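In UniProt numbering, the protein residues as written are 1 to 221.
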């Protein structure tokens, strides 16, 4: 039996993508088992592997973990990406929860009906530019350090970079008014484990295309 984490999800981003990012940032190799049709999910549900009958599910350290936040928290703690003390962990959690709110909008964008896509995109751009990214620009300005928390690489850095890159897919010039985030993006992208994950052929998933969305939806509904 392989010691690598095994990820169970469809072959796309969704709620598993942040988990992929964190495992890759930790320098850990992982395997994937893709759900291709509804029957694949039903089979997994009937096996008793899914505590709440939902994916993502990650087999890791003898556990079958579900719930995205629980999985991410475990990986973060296991690989020392959670700061040096409880106060740093609390700050990382606050940053991450904000990013996950924005990421929820990004994640659901390809699944919007045609008549709602334009408004959904406008909401993403507005919240990124006026609510979320200013927080991180200010944090970097205030402490003048390379990383968001404690001047050490953490989960917050990983998820901010993921969110920046995903938002840029929707609006390429989103960082024009955020010079410190531009520098942050370049700096974090050059960390060896991240750089490897950003290379073509890695397990990072491409954006979900509008025409792919119905097939994915059929797996779950």
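For each residue, glycine too, the CB sits at the ideal point set by N, CA and C. Predicted, not measured: the structure shown is a model, and the values here were computed from it.
Any C-beta of chain B under 8 angstroms from that of residue 22: Among the chains in the structure shown there is no chain B, since it carries only a single protein chain.
Bridge partners - residue 34, DSSP secondary structure assignment: Counting from 1 along the chain shown, the entry for residue 34 is found at position 34. In DSSP, residue 34 forms a bridge with 9.
Bridge-paired residues (DSSP) for residue 65: The residue you call residue 65 lines up with position 65 of the chain shown. BP columns for residue 65 point to 58.
Coarse secondary structure for residue 28, derived from DSSP in three states: As a position in the chain shown, residue 28 is number 28, starting the count at 1. Coil, per DSSP.
Where the alpha helix (DSSP H) through residue 208 begins and ends: Taking the chain shown and counting its residues from 1, one reaches residue 208 at position 208. Here residue 208 belongs to no alpha helix (DSSP H), and DSSP marks it neither H nor E.
Spatial neighbours of residue 32 in its chain, beta-carbon cut-off 6 angstroms, leaving aside the 5 residues before and after: Counting from one through the chain shown, the residue named residue 32 turns up at place 32. Excluding positions up to five away in sequence, the list reads 7.
DSSP state of residue 219 mapped onto helix, strand, coil: Here residue 219 refers to the residue found at position 219 of the chain shown. Three-state result, residue 219: helix.
Presumed contact (8 angstroms Cβ cut-off) between residue 194 and residue 149, rounded CB distance: Residue 194 sits at position 194 when you count from the first residue of the chain shown. Residue 149 sits at position 149 when you count from the first residue of the chain shown. That pair is no contact at about 17 angstroms.
Stretch-stretch touch, CB-based, cutoff 8 angstroms, three pairs: the segment 131-138 with the segment 55-62: no
Cβ-based burial, residue 95 [other Cβ within 10 Å; buried from 16]: By 1-based counting over the chain shown, the position of residue 95 is 95. That one is buried.
Cβ contact (3+ pairs, closer than 8 angstroms) linking the segment 70-81 and the segment 110-124: no
Residues near residue 38 in its chain [Cβ-Cβ closer than 7 angstroms; skip 5 each side]: Position 38 of the chain shown, counted from the first residue, corresponds to residue 38. Here the set comprises 218, 219.
Residue 162, buried or exposed, once every other Cβ within 10 Å from all chains shown has been counted against 16: Translated into positions along the chain shown, residue 162 becomes position 162. Under this definition residue 162 is a buried residue.
Backbone CA spacing between residue 160 and residue 46 [nearest angstrom]: As a first step, residue 160 must be located in the chain shown, where it is residue number 160. As a first step, residue 46 must be located in the chain shown, where it is residue number 46. Rounded to the nearest angstrom, the two C-alpha atoms are 36 angstroms apart.
With 16 other Cβ atoms within 10 Å as the buried cut-off, status of residue 16: Within the chain shown, residue 16 is the residue found at index 16, counting from 1. By the neighbour-count rule (16 or more Cβ atoms within 10 Å), residue 16 is buried.
Rounded straight-line distance, which links the Cα of residue 72 to that of residue 122: Mapped onto the chain shown, residue 122 falls at position 122. Mapped onto the chain shown, residue 72 falls at position 72. Those two C-alpha atoms are separated by around 29 angstroms.
Same chain only: Cβ atoms within 6 angstroms of residue 145, ignoring 5 sequence neighbours per side: Here residue 145 refers to the residue found at position 145 of the chain shown. If we look at residue 145 and ignore the five residues flanking it on each side, its Cβ neighbours are 151.
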